[in-house]
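Chemist: Protein sequences appear in the order of chains C and F.
Per the working numbering, the first sequence starts with residue 30, numbered consecutively.
Per the working numbering, the second sequence starts with residue 30, numbered consecutively.
C-beta atoms are modelled at their ideal positions from N, C-alpha and C, and glycine is treated no differently.
Here the structure is a predicted model, which means the values were calculated and not measured.
Right, I'll just put the structure down here and ask away after.
There are 2 protein chains.
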Amino acid sequence: MSITVVGSLAYDAVKTPFGQRERMLGGAATHFALAASFFDTVRPVGPVGGDFADADLEVLRTRGTVTDDVEVIADGKTFFWAGEYGWDLNSRETLDTQLNVFETFVPKLSPAAQACDVLFLANIQPELQAQILDAVDGPAFTALDSMNLWIDIARDALVGVIERVDCLILNDAELRQLTGKPNLVAAAREILGWGPTAVVAKQGEYGAALITAASFFALPAFPLETVVDPTGAGDTFAGGFVGSVAQHLAGGVTDEVLCRAMAYGTALASFNVEEFGTERVTRLTADEIHERVSALHGFGRFTLQTPVLTGDRS
Amino acid sequence: MSITVVGSLAYDAVKTPFGQRERMLGGAATHFALAASFFDTVRPVGPVGGDFADADLEVLRTRGTVTDDVEVIADGKTFFWAGEYGWDLNSRETLDTQLNVFETFVPKLSPAAQACDVLFLANIQPELQAQILDAVDGPAFTALDSMNLWIDIARDALVGVIERVDCLILNDAELRQLTGKPNLVAAAREILGWGPTAVVAKQGEYGAALITAASFFALPAFPLETVVDPTGAGDTFAGGFVGSVAQHLAGGVTDEVLCRAMAYGTALASFNVEEFGTERVTRLTADEIHERVSALHGFGRFTLQTPVLTGDRS
């Protein structure tokens with residue numbers, strides 16, 4: 030079994046109230062791979078420049094991730110993003126985006142990447158996502174992320190690829206924007222009508238919600254007293270979520286499988302934000318993940334004990 | 030057993046994307062009482078003007094609520110609030126606030142209101158909240174709400190009353206503002222150090238979280254495809270939460286009691302937002318509440334099935 034992820038491999042400059050990094054390993058495919066590598070063999074697909082350090086390629090290879098599909102463009106520069114977060118980390122400003130090698134990126138998948146069991150299309154142009162869907166050999170589960178930019182400038186193409194995947198993973202504000210529906214449940218139901226069988230709404234510090242035809246499921250973000258850098262949290266969530274699904278394909282992607290995957294995504298994301306960039310998840314252990322998933326198991330639990338309400342007596 | 034609530038009884042003018050009301054029954058004590066009345070006898074304490082309609086007093090008496098402590102100031106006018114909500118109902122603008130009879134309000138509690146088992150101090154001046162704490166005969170459980178205004182202009186007095194109650198119920202942004210801590214868990218822990226044994230963070234459409242010394246608990250808002258008017262949702266939540274606690278005082282206010290109360294608060298609030306003002310909760314039935322609490326029981330549940338993560342093999 031294997032997972033192919035197509036998306037950015039990047040260098041990030043990040044400033045938060047708790048510190049800053051001038052140039053750290055980042056990118057959606059990177060964060061996704063570091064999380065999903067706990068569950069299965071991951072193959073990231075994406076370009077880097079000649080400036081991409083060997084040490085960072087080694088980080089990408091953590092837990093067996095195969096980097097054969099990372100295309101090194103020797104005379105190009107790696108995608109670069111710079112941003113700064115506000116006081117409570119709920120707002121962030123993009124200070125700089127340099128597409129660099131991504132400007133002319135044409136995805137080429139190796140046979141092994143094409144033969145994946147699970148495909149994650151991280152946030153890139155919808156047209157590229159469509160090309161990749163054309164290129165893979167019918168994976169058992171496909172999930173897709175996107176962003177407000179593509180809703181603004183390439184909505185039709187985006188809707189076209191959403192129609193072709195099993196699961197859409199998007200920020201809740203983007204789900205509203207995409208559908209024009211202010212209500213999250215209504216927005217998710219609309220998208221379920223387009224084709225996907227599951228919609229995951231990422232809600233930042235409030236956690237995430239899953240909506241399928243038959244289920245609503247939600248988990249809070251894992252409660253942390255110290256959050257240092259949210260960069261990559263969404264992609265780390267996706268890596269834990271999609272990775273967990275990949276481990277349970279044999280019985281079909283049931284709601285039970287998806288709900289459990291939400292817990293793994295939530296746990297993985299909670300580690301990501303504890304330190305800058307990839308620092309925490311790179312050295313994360315399986316025991317640490319199990320511990321947080323077990324804790325999450327109790328966070329929404331209460332004992333039902335039907336009281337006699339006044340209305341019952343009438 | 031009985032619950033005393035001190036807070037506003039009001040008329041509201043509300044405009045949402047789904048309609049508007051020029052003058053509808055509202056106020057924190059009103060919404061609280063309508064919800065809490067399912068659980069116990071409620072005594073709202075607060076002033077109204079000579080313009081307060083008998084029909085609205087009747088609404089307040091729904092499910093046995095005792096209005097002996099509603100002080101009618103014949104030559105005064107009832108508190109009035111006007112507001113308008115944005116597209117996704119997450120933002121609202123206050124267009125008008127007329128304190129009217131609340132400007133000179135001095136709470137006077139009847140012996141029955143003083144002898145309450147549970148006290149809820151809705152959002153009013155902290156000095157008045159302190160006077161009421163002085164006046165009651167040691168209720169078994171006390172909870173308090175407040176708002177950003179009092180954090181801005183009367184923080185010391187507010188902290189003084191928070192130190193004296195069992196439970197603080199506040200919007201999450203206000204918890205951050207009150208403590209100066211951007212992190213919700215850290216903010217709640219700080220407040221637990223002041224005296225309360227429980228902190229409830231209201232998170233609007235994202236639900237609510239409960240933090241005690243030993244527990245973290247969270248529930249999403251009940252998923253609705255149609256939300257019409259969020260006015261009073263927080264006080265309706267408080268009514269369900271505090272009401273449920275009131276029903277289980279005999280065994281002590283354990284974390285189990287508080288977690289279950291979160292579910293009742295969440296369920297009650299979800300009905301409140303389905304229609305304008307008090308319209309939905311006034312005609313709500315106990316069966317409808319039970320049904321939503323049962324559904325909430327499943328929203329954060331997943332089956333633990335420890336997979337073999339890559340890190341486990343090393």
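#1: Looking at chain C, is there any beta carbon in it that lies within less than 8 Å of the beta carbon of residue 256 of chain F?
#2: Taking Cβ positions only, does residue 152 of chain C come closer than 8 Å to chain F?
#3: Which term fits residue 333 of chain C, buried or exposed, when burial requires 16 or more other beta carbons within 10 angstroms of its beta carbon?
#4: Which of the three DSSP states, helix, strand or coil, is assigned to residue 342 of chain C?
#5: Under 7 Å between beta-carbons, which chain F residues line up against residue 334 of chain C? List them in chain order, please.
#6: If you follow the alpha helix (DSSP H) that residue 288 of chain C is part of, which residue opens it and which one closes it?
#7: Under 9 Å, CB to CB, which of the residues in the stretch 154–181 of chain C have a partner in chain F?
#8: Tell me whether residue 81 of chain F sits in a helix, a strand or coil according to DSSP, three-state version.
#9: Any contact between the stretch 220–230 of chain F and the stretch 263–279 of chain C? By contact I mean 3 or more CB pairs, one from each, below 8 Å.
#10: Where residue 80 of chain C and residue 99 of chain C are concerned, what is the direct C-alpha to C-alpha distance, given to the nearest angstrom?
#11: What does a CB cutoff of less than 7 Å around residue 343 of chain F pick up in its chain, not counting 5 residues either side in sequence?
#12: Check the Cβ of residue 285 of chain C against every Cβ in chain F and list those closer than 7 Å, keeping chain order.
#13: Can the beta-carbon of residue 278 of chain C be found less than 8 Å from the beta-carbon of residue 146 of chain C?
#14: Do you know how far the Cα of residue 321 of chain F is from the Cα of residue 315 of chain F?
#15: What do you get for residue 182 of chain C, buried or exposed, if any count of 16 or more other CB atoms within 10 angstroms of its CB means buried?
#16: Ignoring anything shorter than 3 residues or poking outside the stretch 161–245 of chain C, list the beta strand (DSSP E) runs there in chain order.
#17: Give the DSSP bridge partners of residue 43 of chain C, in chain order.
#18: Any beta carbon of chain F sitting closer than 8 Å to that of residue 38 of chain C?
#19: Rounded C-beta distance between residue 129 of chain C and residue 36 of chain C? I'm assuming under 8 Å.
#20: Should residue 326 of chain F be flagged as near chain C, meaning a C-beta pair shorter than 8 Å?
#21: How about residue 292 of chain F and residue 331 of chain C: do their beta carbons lie closer than 8 Å?
#22: What does DSSP give as the partner residue(s) for residue 128 of chain F in the beta ladder?
#23: Chain F beta carbons: is any one of them nearer than 8 Å to that of residue 32 of chain C?
#24: Using a beta-carbon distance cut-off of less than 8 Å, what residues from the stretch 240–271 of chain F approach chain C?
#25: Return the Cβ separation of residue 110 of chain C and residue 202 of chain C in integer angstroms, given the expectation that the two are a contact with Cβ distance under 8 Å.
#26: Can you give me, in chain order, the residues of the stretch 216–239 of chain F that have a beta carbon less than 8 Å from any beta carbon in chain C?
#27: Is residue 247 of chain C helix, strand or coil when you go by DSSP?
#28: So who's on the other strand from residue 32 of chain C, going by DSSP bridges?
#29: For residue 231 of chain F, count the other beta carbons within 10 Å of its own beta carbon; 16 or more makes it buried, fewer makes it exposed. Which is it?
#30: State buried or exposed for residue 234 of chain F, treating a residue as buried only when at least 16 other CB atoms are found within 10 Å of its CB.
#31: Given a cut-off of 8 Å on the beta-carbon distance, is the pair residue 72 of chain F and residue 169 of chain F in contact?
#32: Listed from N- to C-terminal order along the chain, which residues in the stretch 71–102 of chain C have their beta-carbon within a distance smaller than 7 Å of any beta-carbon of chain B?
#33: With 8 Å as the threshold, decide whether the Cβ of residue 49 of chain C is near any Cβ in chain F.
#34: Does the structure place the stretch 295–304 of chain C close enough to the stretch 249–259 of chain C that three or more beta carbon pairs sit under 8 Å?
#35: Report yes or no: is there a C-beta of chain C within less than 8 Å of the C-beta of residue 292 of chain F?
#36: For a test of the three-state rule: what should DSSP assign to residue 261 of chain C, helix, strand or coil?
Modeler: Taking the definition as stated:
#1: yes
#2: no
#3: exposed
#4: Because residue 342 of chain C sits at a pLDDT of 48, beneath the cut-off of 50, its placement in the model cannot be relied upon, and the following sentence gives the value as read from the coordinates. Helix at residue 342 of chain C.
#5: 289
#6: 284–301
#7: none
#8: coil
#9: no
#10: 14 Å
#11: Caution is warranted here: a pLDDT of 44 is assigned to residue 343 of chain F, below 50, making its placement in the model unreliable, and no coordinate value can be reported.
#12: 332
#13: yes
#14: 10 Å
#15: exposed
#16: 170–173, 196–200, 227–231, 237–241
#17: C/50, C/112
#18: no
#19: Wrong, their Cβ atoms sit about 15 Å apart, outside the cutoff.
#20: yes
#21: yes
#22: According to DSSP, residue 128 of chain F bridges with nothing at all.
#23: no
#24: 240, 245, 246, 247, 248, 249, 252, 253, 254, 255, 256
#25: Between residue 202 of chain C and residue 110 of chain C the Cβ distance is about 19 Å, and since that is not below 8 Å, they are no contact.
#26: 218, 232, 234, 235, 236, 238
#27: strand
#28: C/71, C/147
#29: buried
#30: buried
#31: no
#32: In the structure shown, chain B does not exist; the protein chains are C and F.
#33: no
#34: yes
#35: yes
#36: coil
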